[in-house]
Amino acid sequence: MAISSSRFQRVTLYSLLLLAMILVYQIYHHGGKLLSKNQQERKDDWTKHLQSNHVKLSRTKAAIESPQPIRRDLKKTAEQGNPILQMEVKRLKTRINRKDSLIEKLTAQLEKEKSRAEKLNQVIGNLKVENTQLQAEVESNSNGVTSGRSEQNTGLKKELGSLIKTSPKISDIHISQRIPFESFAKTHLFEYSPKKKPKEYIFHGQNSNTRRVKSGERHLVQAQDIGVNFINTNTSYHVSRENMVDGVYRIDINTGIDYELYFKDPSANKFITVRLIRPLGVLQPVALPEDNRGPNELINLIVPLSGRLERFQQFMDMFVEVCIKIDKNVFLTVVLYGASDFNTVKTTLKDLEVTYGFKKYQLIMRDKPFSRGRALHDGVMYWSSSPKNVLMFFCDVDITIRPDFLRRCRMYTQRKEKIYYPMVFSLFNPKNVYEQGTIPPPAEQLKIDRKYGFWREYGFGMTCQYRADYLRVGGFDLNIEGWGTEDLGLYQRYLQQANIRIIRAPDRDLFHQYHDKKCDPSLSEEQYRSCLGSKAKVEGTHTQIAIQLTKLREKYEPESQSENGY
């Protein structure tokens, strides 16, 4: 009984253990699936949430990048009638419109800058190519510079060798040498055209602090500023506009404006030349500044003389004041035609030697029919002093010189390169200009104004050039007798020289004194006609001549004719 009870207990215990194991198994198996299901559901919820946020984010980004949806949304919101939102919509629309306008402007400006950059790149490329050519040209010029320029000028060209790459090719710029120059100083412009004033002030007002440049003359001041900047930036010199002493310019409507400016170096007694070109566009230098010869270069002043001893004495008085007392470096060559005047002229020249110790002169005697061209040619050929290739000035006894002309004669000429043909200011007959009995002395008549005279644009007799250049082009035509046409022939020979630059400009310090001119009927038809034209033009303006004719008519015509309207 006891044994069976013990067995029953063990069986019961085993059954309970088995049930417990089955229960644990069921709980573990079914409970895990439920947990996994809950986790999966939770994961799905998070995925949907993230996808929803991603869609919202994408829509927001697209709305930001594209203003159109914003405008539609704003419009939609505005239609709902909320005043605050409507104001915000208007404000945003205004900002958007401003932004669009700014974008358009910036885009247009960017296109312009791109176009400008392309042009500059092209210019840079061209200049690089020209640099090699121009440097070779400078080297070749430097090799021969000892015969034509000073050692200082050579040094300046070496110093400026690197500068030449910034200049356009001079051979590409063609301005006709037949076009004369206008001349100007710091404050005045001198124009030869009969339609313009012979002397024009380039400012409005006299006060240097408040005066304004006249609109038509601004290019002259601009040229001075560019010349100053060009010299100061690219050389060892330092100048200002106040250092400019002279300038010339001419206009070629097919090419542009050609300038040549002359500055006085404030630290040394010499002049600096710079050439500028405005080639129908931006003004730019085309030639290196030149270290010109100083103001002490010798000038051989050659004067042909035939009779007119009274005027010769006046000329010599002027020569003493200007060339002996002030300039002190002028050689005088007088070529005399007419043996009867030899002693008088010789005595006059000897007096210079006795009174002033002046020995730089020579007198050449010719006892034959007068020829101006032959006389000047003899003055050239009889030169035996030093230097052999002397600077010459062909002059007449009717000419009055002021000191600054001699400076320009030296500045505006250059061996093998430049010739100076100044336009003389020809004075009218003083009897037609001044009231009777009020004619001032000749020295006080030297005024540049339309009522006093005119620029002698047709006269080529006065010229500064080197002896070697004169001989190289063949000189004067020695077959011409008397006065006239020989000077024009020489000028035309220089025009045919491609490498010669002719400075033809009004000179404010060179005057032709009036004298009664007689035209010999035995001259050739061309010479006689030229003489008569010159004689008529120097009498006075049309108004002055008309006044004199009216006085003569009133004096000699009968009163009855005057009353009848004659």
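Under numbering that gives the first Met the number 0, the first residue of the sequence shown carries the number 0, and numbering increases by one thereafter. Quick reminder that beta carbons are idealized off the backbone N, C-alpha and C, glycines included. Note that this is a predicted model, so its numbers are computed, not measured.
Rounded separation between E485 and N231 - CA only: 44 Å
Chain D within 9 Å of F459, Cβ atoms only: Among the chains in the structure shown there is no chain D, since it carries only a single protein chain.
For L282 and L260, believed in contact at Cβ under 8 Å, the rounded distance: At roughly 12 Å, the Cβ-Cβ gap does not stay under 8 Å, so L260 and L282 are not in contact.
Length of the line joining the Cα atoms of Q464 and V212: 35 Å
Assumed close pair I298, C408 - CB separation to whole angstroms, cut-off 8 Å: 6 Å
Proximity of R414 and D245 at Cβ, strictly below 9 Å: No; because the gap between Cβ atoms is not below 9 Å, this pair is not in contact.
Rounded C-alpha distance that separates Y258 from V319: 34 Å
Span separating the alpha-carbon of V321 from that of T399: 10 Å
Cβ-based burial, I546 [other Cβ within 10 Å; buried from 16]: exposed
Inter-residue Cα distance where the pair is F183 and M243: 10 Å
Any 3 or more C-beta pairs closer than 8 Å across the stretch 421 to 439 and the stretch 513 to 521: Taking a contact to require three or more Cβ pairs closer than 8 Å, the stretch 421 to 439 and the stretch 513 to 521 qualify as touching.
Continuous alpha helix (DSSP H) stretch holding C530: start and end: Where C530 is concerned, the enclosing alpha helix (DSSP H) stretches over E524 to K536.
P288 vs I271 beta-carbon contact at 9 Å: yes
Start-to-end residues for the beta strand (DSSP E) that takes in F180: First-last for F180: undefined, no H or E at that position.
Top-ranked residue by Cα proximity to D397, from K367, Q312 and Y411: Residue Q312 is the option with its Cα nearest to D397.
Residue burial classification, I252 (beta-carbon count within 10 angstroms, cutoff 16): exposed
Extent of the continuous beta strand (DSSP E) to which D350 belongs: First-last for D350: F341 to Y355, but that is the alpha helix (DSSP H), not the beta strand (DSSP E).
Run of the alpha helix (DSSP H) containing C408, from where it starts to where it stops: P402 to M410
Burial state of S370 (16 or more Cβ within 10 Å): buried
Own chain partners of Y236 with C-beta closer than 7 Å, once the 5 adjacent residues on each side are dropped: I230, D264 and I271
Under the three-state DSSP convention, the category N299 falls into: DSSP places N299 in strand when its eight states are reduced to three.
Simplified DSSP state of I363, which is helix, strand or coil: Reduced to three states, the DSSP call for I363 is strand.
DSSP beta-bridge partners of L390: Note: L390 sits in a beta bridge opposite I298 and Y465.
Where the alpha helix (DSSP H) containing P429 begins and where it ends: For P429, the enclosing alpha helix (DSSP H) starts and ends at P429 to V432.
Coil, strand or helix - K417 by DSSP: strand
Coil, strand or helix - A286 by DSSP: Shown here, A286 sits in a strand according to DSSP, grouped into three states.
Residue from K358, A286, V329 and V334 whose Cα sits closest to the Cα of S305: V334
Residue burial classification, K349 (beta-carbon count within 10 angstroms, cutoff 16): exposed
Check whether K588 and C518 have beta carbons under 9 Å apart: In the structure as shown, the chain begins at 0 and stops at 565. Residue 588 is therefore absent and cannot be evaluated.
Exposure of D366, with buried meaning 16 or more beta-carbon neighbours within 10 Å: Exposed.
Per-residue burial, D99 [other beta carbons within 10 Å of its own, 16 or more giving buried]: Looking at its Cβ environment, which holds fewer than 16 other Cβ atoms inside 10 Å, D99 is exposed.
Q547 (DSSP reduced to helix, strand or coil): helix
Whole alpha helix (DSSP H) elements within the stretch 477 to 515, 4-residue minimum: 485 to 494
Under the three-state DSSP convention, the category L304 falls into: strand
Residue closest to G215, alpha-carbon to alpha-carbon, out of G452, H187 and N206: H187
H237 (DSSP reduced to helix, strand or coil): The answer is coil: DSSP assigns H237 none of H, G, I, E or B.
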